[in-house]
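Enquirer: Quick note on full-length UniProt numbering: the sequence shown kicks off at 1 and runs consecutively. Below is the structure I would like to discuss, written out as structure tokens.
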Amino acid sequence: MADSSAAKRTKGAQAEERKVDWRRWKQERKAEKKKWKEMKLLKKLEKQRMRELAEKQAEKQKEEQKEDKGRHYTLSVALPGSILNNAQSLELRTYLAGQIARACAIFCVDEIIVFDEDGEDVKSVEGDFEGIGRRGKACVQLARILQYLECPQYLRKSFFPKHEDLQFAGLLNPLDSPHHMRVDEDSEYREGVVLDRPTKPGRGSFVNCGMRKEVQIDRQLNPGLRVTVRLEEPQKPEAKVRKGTVVSSHHPRTVSGLYWGYSVRLASCLSAVFSECPFKEGYDLSIGTSERGSSVDQATLPSFRHALVVFGGLEGLEAGLDVDPNLDVTDPSVLFDFYLNTCPSQGSRTIRTEEALLISLSALRPHINEAVKTPSNSCRKENH
Ligand SMILES: C[S@@+](CC[C@H](N)C(=O)[O-])C[C@H]1O[C@@H](n2cnc3c(N)ncnc32)[C@H](O)[C@@H]1O
């Protein structure tokens, strides 16, 4: 009797134990399931977070790509070649030309126009310097030295044969502008000369870009041509040539905002500075400089695309007017949108043209920066 009731109790206890075990097991499974669900949710959330981050990054990259780094305006400077006639020796004439070139490079001038205020009608840099003190050829000589200095050193042999005008030009201070690359310098763009080297049909010409390796461009061009090349990232560093694409010489400025040197133009008279403008829309902002102009401090320049700043020689801008067959005015101020004194209260009776160039470009810089900041200008695109 006692045995059977004890057995019953044991059975009951065992059943109870099994129940407890079962509940515990269920609870454990439930907890495990909950944990697993939480982990799954966490993973899902993490995945979503990563996806959102990637999307955000891609968007940011797109925005950055869209962000316009280019400079869409140009600055031109015009001055008479006759200023060289004030220098007494070829060395001094050369040095003066070097000062003009450096001032223009420092202030990112895109075009220099050398005009004739003596009525000599010069149109090309072909010609010889015919002796110090002789009038004439000053425009040609100035233009030649300016072009020589603008050309990267490694290309000068290809484009500037020995010439008396350039006898001392090699001693001048270099422009050291962004397009004057050193041999191992890394750069997206480089100036080069097309080499006279046979290439297989369908393959582009070889170009000397002043690097250890030659660059094979995307097209066949005539040997001797100066080109602006956009370099591709090297696929194989051990390859014998680099690959590149020919772009316009304005490309580094308009796309990447780089200063890429200046072009040089000769004008046979003051009016030709305007009438032979290389931009099809012409200059939309012209500034004449004179001690008789109004103070630069009060000037507010409008938004522009192509600005021109004009300087006179020893006799001022009036001299250019007198000999110009196309101009029937005596007051130079009527030719310009602004006629500015860039050094009010000057302490010397006269400021020389080369000094006026530095002073004026420096004084105009904040006004120009302000003018090009306006939204209408920054989003305007142009052909050059
Ligand atoms: C030697 S200055 C000419 C001086 C001449 N006596 C005159 O009356 O114009 C040569 C050039 O430097 C520039 N220049 C000289 N002083 C200037 C000033 N205070 N503001 C702006 N440009 C000036 C002008 O372009 C001028 O034609």
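Each residue gets a CB set at the ideal place from its N, CA and C atoms; glycine is no exception.
#1: Can you give the beta carbon distance from L84 to R93, rounded, assuming they're within the 8 Å contact cut?
#2: For a test of the three-state rule: what should DSSP assign to N85, helix, strand or coil?
#3: Using CA coordinates, which residue listed in A363, R242, D331 and E318 is at the minimum distance from L301?
#4: With a 10 Å radius around its C-beta and 16 neighbouring C-beta atoms as the bar for buried, classify R49 as buried or exposed.
#5: Rounded to the nearest angstrom, how far is the Cβ of R219 from that of G204, given a contact under 8 Å?
#6: Hey, quick one: how far does the beta strand (DSSP E) through I287 stretch, first residue to last?
#7: Take D324 as the anchor and find which of G119, W36, K69 and Q153 has the nearest alpha-carbon.
#8: In the structure shown, what three-state DSSP assignment does Q167 receive?
#9: Do G210 and Y154 have their C-beta atoms closer together than 8 Å?
#10: For the alpha helix (DSSP H) that S271 lies in, which residues bound it at each end?
#11: What whole-angstrom Cβ distance do I217 and T245 have, given they're in contact under 8 Å?
#12: Tell me the start and end of each unbroken beta strand (DSSP E) in the region 297-381 that is at least 3 residues and wholly inside, in chain order.
#13: For A371 and L41, I'd like the C-alpha separation in whole angstroms.
#14: Any chance the CB of E117 is under 7 Å from a heavy atom of ligand 1?
#15: Please classify Q235: does DSSP put it in a helix, a strand, or coil?
#16: Would you report the Cα separation of K8 and E46, rounded to the nearest angstrom?
#17: Is A307 near ligand 1 - that is, is its Cβ less than 7 Å away from at least one heavy atom of it?
#18: Assuming the contact rule is C-beta atoms closer than 8 Å, C269 and F115 should be a hit. Round their C-beta distance to whole Å, please.
#19: Could you check whether R265 and D284 sit closer than 8 Å to each other, using their CB atoms as the reference points?
#20: I need the straight-line Cα distance from R182 to V193, nearest angstrom please.
#21: According to the neighbour-count rule (16 or more other Cβ atoms, all chains shown, within 10 Å of its Cβ), is S5 buried or exposed?
#22: To the nearest angstrom, how far is it from the Cα of Y259 to the Cα of R197?
#23: Considering just the uninterrupted stretch of the beta strand (DSSP E) at V183, what are its terminal residues?
#24: What's the call for residue 387, buried or exposed, on a 16-neighbour Cβ count within 10 Å?
Expert: This is what the structure holds:
#1: By 1-based counting over the sequence shown, the position of residue 84 is 84. By 1-based counting over the sequence shown, the position of residue 93 is 93. In this structure L84 is in contact with R93, their Cβ atoms being roughly 5 Å apart against a cut-off of 8 Å.
#2: Within the sequence shown, the letter at position 85 stands for residue 85. N85 falls in the helix class under three-state DSSP.
#3: Here the question's residue 301 lines up with position 301 in the sequence shown. When each option's Cα is compared against that of L301, the closest is A363.
#4: For the purposes of this step, residue 49 is taken as residue 49 along the sequence shown, with counting starting at 1. Looking at its Cβ environment, which holds fewer than 16 other Cβ atoms inside 10 Å, R49 is exposed.
#5: Within the sequence shown, residue 219 is the residue found at index 219, counting from 1. Within the sequence shown, residue 204 is the residue found at index 204, counting from 1. The Cβ separation is near 5 Å, so the contact holds.
#6: Taking the sequence shown and counting its residues from 1, the one referred to as residue 287 is at position 287. Boundaries of the beta strand (DSSP E) harbouring I287: L285 to S295, taken from the DSSP string.
#7: Within the sequence shown, the letter at position 324 stands for residue 324. The residue with the shortest Cα to Cα distance from D324 is G119.
#8: What you label residue 167 is simply residue 167 of the sequence shown in a count that begins at 1. Q167: coil per DSSP, three-state reduction.
#9: The count along the sequence shown starts at 1 and reaches residue 210 at position 210. The count along the sequence shown starts at 1 and reaches residue 154 at position 154. Yes, the Cβ-Cβ distance between G210 and Y154 is below 8 Å.
#10: To locate residue 271, count along the sequence shown from 1; it is residue 271. Run containing S271: L270 to S275, per the alpha helix (DSSP H) assignment.
#11: Translated into positions along the sequence shown, residue 217 becomes position 217. Translated into positions along the sequence shown, residue 245 becomes position 245. Contact flag correct, Cβ pair sits at about 7 Å.
#12: Entirely contained in the region 297-381, the beta strand (DSSP E) runs reaching 3 residues are, in chain order, 306-310 and 338-341.
#13: Along the sequence shown, one-based indexing puts residue 371 at 371. Along the sequence shown, one-based indexing puts residue 41 at 41. Here the alpha carbon of A371 sits roughly 56 Å from the alpha carbon of L41.
#14: By 1-based counting over the sequence shown, the position of residue 117 is 117. Every heavy atom of ligand 1 is 7 Å or more from the Cβ of E117, so no.
#15: Looking up residue 235 in the sequence shown gives position 235. If DSSP states are grouped into helix, strand and coil, Q235 belongs with coil.
#16: Counting from 1 along the sequence shown, the entry for residue 8 is found at position 8. Counting from 1 along the sequence shown, the entry for residue 46 is found at position 46. Rounded to the nearest angstrom, the two C-alpha atoms are 56 Å apart.
#17: Within the sequence shown, the letter at position 307 stands for residue 307. No, the Cβ of A307 stays beyond 7 Å of every heavy atom of ligand 1.
#18: Within the sequence shown, residue 269 is the residue found at index 269, counting from 1. Within the sequence shown, residue 115 is the residue found at index 115, counting from 1. C269 to F115, Cβ: 7 Å. Contact.
#19: As a position in the sequence shown, residue 284 is number 284, starting the count at 1. As a position in the sequence shown, residue 265 is number 265, starting the count at 1. No.
#20: Taking the first residue of the sequence shown as 1, we reach residue 182 at position 182. Taking the first residue of the sequence shown as 1, we reach residue 193 at position 193. If I take the Cα positions, the gap works out to 16 Å.
#21: Stepping through the sequence shown from its first residue, residue 5 is reached at position 5. Exposed, because fewer than 16 other Cβ atoms sit within 10 Å of the Cβ of S5.
#22: By 1-based counting over the sequence shown, the position of residue 259 is 259. By 1-based counting over the sequence shown, the position of residue 197 is 197. C-alpha of Y259 to C-alpha of R197: approximately 31 Å in a straight line.
#23: Position 183 of the sequence shown holds residue 183. Counting along the chain, no beta strand (DSSP E) covers V183, and no H or E run does either.
#24: The requested residue 387 does not occur in the structure, where the chain is confined to residues 1 to 384.
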